[in-house]
Amino acid sequence: MIGLLLAATPALPLDEAGKYVAGAYIVFLVLIVIYVAIMASKLQRMEKELRDLASFAEQGRAGTPGREAEDVPIDVEAQPAAVSDRNLTPSEAAAGRPDHARGSADE
Amino acid sequence: MTPSRTAFATILAKDLRAELRTLQSLPAMALFATTTFVIFRFGLDRTTLSGSLAAGVLWATLLFAALLGVNRLFVSEREEGGFDAIRLAPIDRSALFAAKATALFTYLLVLELVVVPIFALFFLGSAAALGPLLAVLLLADLGIAATGTLISSMAVQSRARDLLGPLVLLPLVVPLMIAATGASEPLLALGGPGYHRFGTWLAVLSLYDLIFLLLGWAVFDFLLED
Amino acid sequence: MYGKGLRPLSIATVVAILTSFSLVFFYAPLDADQGFIQKIFYLHVPLAIVALIGFIVGGVFAIFHLRSGNRRWDAYSYVSIHMSVIFGVAVLITGAIWAKASWGHWWVWDEPTLVSFLIVFLMYATYYPFRYAIEDPERQARYASVFAVTAGAFVPLNFMAVRMAQSLVHPRTFGTANGGLPGEMMFTFLVCFVAVALLWVTLVKLELTAKSTSGQLKRLRRALDAPAQGGASRIAPEVS
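Keeping their order, the protein sequence lines are chains A, B and C.
Here the first sequence is numbered in my numbering, starting from 1 and rising by one per residue.
Here the second sequence is numbered in my numbering, starting from 108 and rising by one per residue.
Here the third sequence is numbered in my numbering, starting from 334 and rising by one per residue.
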């Protein structure tokens, strides 16, 4: 199969025409790579945000605001998401949250 | 009359009356077009025009005058709360589209009845082409009326409304302009009006009009939902 | 779940592109008229066709959005148009390179398909400022759908008008325009077309997955009562 392909290969003319064809295919490649780069930066941003949210959620369960979570496990799914009570204003805390869909998980 | 037809007639009458009452924009537009012709005279360094140059100058000028007119189409609705009134009324919203498009069409036609003879006076040797040119003008006006109403009804509710309408409308009317100038070029030829592919171009114009009139009629409901 | 099926799809795309490039350079015969330059055809034309189909698809999604009111369709419409505009950039650049190689000028007005494509590109380029200028998200989605439908109807009309405007005396077309392709060239062309189409679908799916992930993050953020993060896009519709 490879032999057949190689046998049919026309000799690549490395003259003017070759440069234009190469240019066109390079443009195609570069556009794809630029897209990959943009996606990569989006992914990076999302990773950072997820990391922040994870430490935020851990702080909530620890109950002490401002405590930094040192080691954020890479597998974020191990931490169940919890609705934190930390941001309640005093009046809301007193009234209680009627639509508390998920109780805070006790670890 | 059905409620829709009443609404149509009312809105149309209101627009036309408003235009007649203020009497401002039509003479202003005619003046704008005339001055544009003068600029072309010097820009192209020509005192007579024929063929493709004539078609180009005429249609470019008409198009830009139309863009200015389109911008003003829904201004009164926006400022005086007309949109809400239409929304509350139990009528077919497409009646608004029909009324506005008719108003715009009438406006363009009257504008051209003034501007085209001036163009002929300035640049053409004879008025022989003006008769068949009317057919092209009518069909092109229908197309601009349909697309102009559709786009300006959205642009008027946006932030950059004076810029957005022309920005989106201009590429949209390119096929219309191609057909209009294609039909006009032989009409304005030096030796007298020619009709090379005249029927074909009129067919293209009609197709454009049909498609966008139907489209505008069909989607206008979605523009007024809230 | 937008990411489902993304891996097999992207693998298929890689295989298809690899195959098509190999066919272009090792299998397809040299064109008698244009020589090696003709190889650009296998890249430029599939990109153009896929981009145009993408615009039409964007219009179809827009119709679904208008009829159902479900904003998901607006997101699909936006991403389809967005991807086709990007492919359109590639079409215009490769077209210019082909023109320079064939006729010595970076741009020619004699090639009706390229000119038509430019006009379509200019039309869809206004999609972004149009969306940006409408502040209310629900209205923005509705109006954008009307735009997408209108522009979709415009595409065939435009191609027809430009083609008709061509001077019948000296039409310039890129040598191997679809008619009269010998067997090996046609086969190569079809494989390239499939590869580019797969690429389009993969990238659209990738984009939607990224948007969906971002939407899930927002949802999580809300659920955790975490302070909101600014920087939401004014144009791109959200997916959740």
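In this text, a Cβ means the ideal position worked out from N, Cα and C, and glycines have one as well.
- About 18 Å separates the CB atoms of C:Trp533 and C:Val357; that is not less than 8 Å, and the two are not in contact.
- DSSP places C:Gly548 in the helix class (H, G or I) of the three-state scheme.
- Here DSSP, grouped into helix, strand and coil, assigns B:Asp328 to helix.
- At least one beta carbon of chain B lies nearer than 8 Å to the beta carbon of C:Glu468.
- B:Val243 has its alpha-carbon roughly 15 Å from the corresponding atom of B:Val217.
- The bridge partners DSSP lists for C:Gly402 come to none.
- Between the region 454 to 461 of chain C and the region 406 to 418 of chain C there are three or more C-beta pairs closer than 8 Å, enough to call the two in contact.
- Taking C:Phe522 as the centre and dropping the five residues before and after it, the same chain places the C-beta of Phe374, Tyr375, Val378, Pro379, Leu514 closer than 8 Å to its C-beta, in chain order.
- When CB distances to chain C are screened at a threshold of 7 Å, the residues of the region 276 to 298 of chain B falling below it are Pro278, Leu279, Val281, Pro282, Ile285, Ala286, Gly289, in chain order.
- Fewer than three beta-carbon pairs drawn from the region 155 to 172 of chain B and the region 253 to 265 of chain B are found closer than 8 Å, and the two stretches are therefore not classed as touching.
- The residue among C:Trp440, C:Ile350, C:Lys372, C:Leu399 with its C-alpha nearest the C-alpha of B:Phe327 is C:Leu399.
- The beta-carbon of A:Leu29 is placed no less than 8 Å from the nearest beta-carbon of chain C.
- Closest by C-alpha distance to C:Phe420, out of A:Glu58, A:Ser41, A:Tyr35, A:Gly18, is A:Tyr35.
- Ranking B:Leu312, B:Thr154, B:Leu119 by CA distance to the CA of B:Phe226 puts B:Thr154 first.
- Not a single CB atom of chain C sits nearer than 8 Å to the CB of A:Lys48.
- With a cutoff of 8 Å on beta-carbon distance, C:Ile430 and A:Ala17 are scored as not near each other.
- Residue contact with chain C for B:Tyr302: absent (no Cβ-Cβ distance below 8 Å to any residue of chain C).
- Residue contact with chain B for C:Thr521: absent (no Cβ-Cβ distance below 8 Å to any residue of chain B).
- When beta bridges are read from the DSSP output, C:Asp469 appears opposite no residue.
- Among the residues of chain B, those whose CB is under 9 Å from the CB of C:Val495 are Val281, Pro282, Ile285, following chain order.
- Against chain C, the CB of B:Met261 has a partner CB under 8 Å away; the residue lies at that interface.
- Within chain C, the residues placing a beta-carbon under 7 Å from that of A:Val21 are Phe369, Ile370, Lys372, Ile373, ordered along the chain.
- By the 16-neighbour rule on beta-carbons within 10 angstroms, C:Gln562 is exposed.
- Within the region 550 to 571 of chain C, Leu550, Leu553, Arg554, Ala556, Leu557, Asp558, Ala559, Gln562 place their CB atoms closer than 8 Å to a CB of chain A, listed in sequence order.
- Listed in chain order, the non-local C-beta contacts of C:Ala434 below 8 Å within the same chain comprise Ile370, Ile373, local neighbours out to five positions each way being set aside.
- Around C:Thr542, the same chain offers Tyr335, Gly336, Leu339 as residues with beta carbons nearer than 7 Å, after the five sequence neighbours per side are excluded.
- Within 7 Å of the CB of C:Ile426, the CB atoms of chain A belong to Val27, in sequence order along the chain.
- With a threshold of 16 other beta carbon atoms within 10 Å, B:Leu309 meets it and is buried.
- Scanning the region 252 to 332 of chain B from its first residue to its last, the whole alpha helix (DSSP H) runs of 4-plus residues come out as 268 to 279, 281 to 294, 305 to 331.
- Contact annotation: in the region 449 to 462 of chain C, residues whose CB is within less than 7 Å of a CB in chain B are Ile452, Leu455, Met456, Thr459, Pro462.
- Excluding the 5 residues flanking it on each side, B:Glu292 has same chain C-beta neighbours closer than 6 Å at Gly158, Ser159, Ala162, in chain order.
- According to DSSP, residue pairing for C:Asp364 in a beta bridge involves C:Gly368.
- In this structure, the alpha-carbon of B:Thr307 lies about 42 Å from that of C:Asn403.
- The C-beta of C:Lys433 comes closer than 8 Å to at least one C-beta of chain A.
- By the CB criterion at 8 Å, B:Leu276 and B:Val164 fall outside the cutoff.
- For the pair C:Tyr360 and C:Ala530, the Cα-to-Cα distance works out to about 21 Å.
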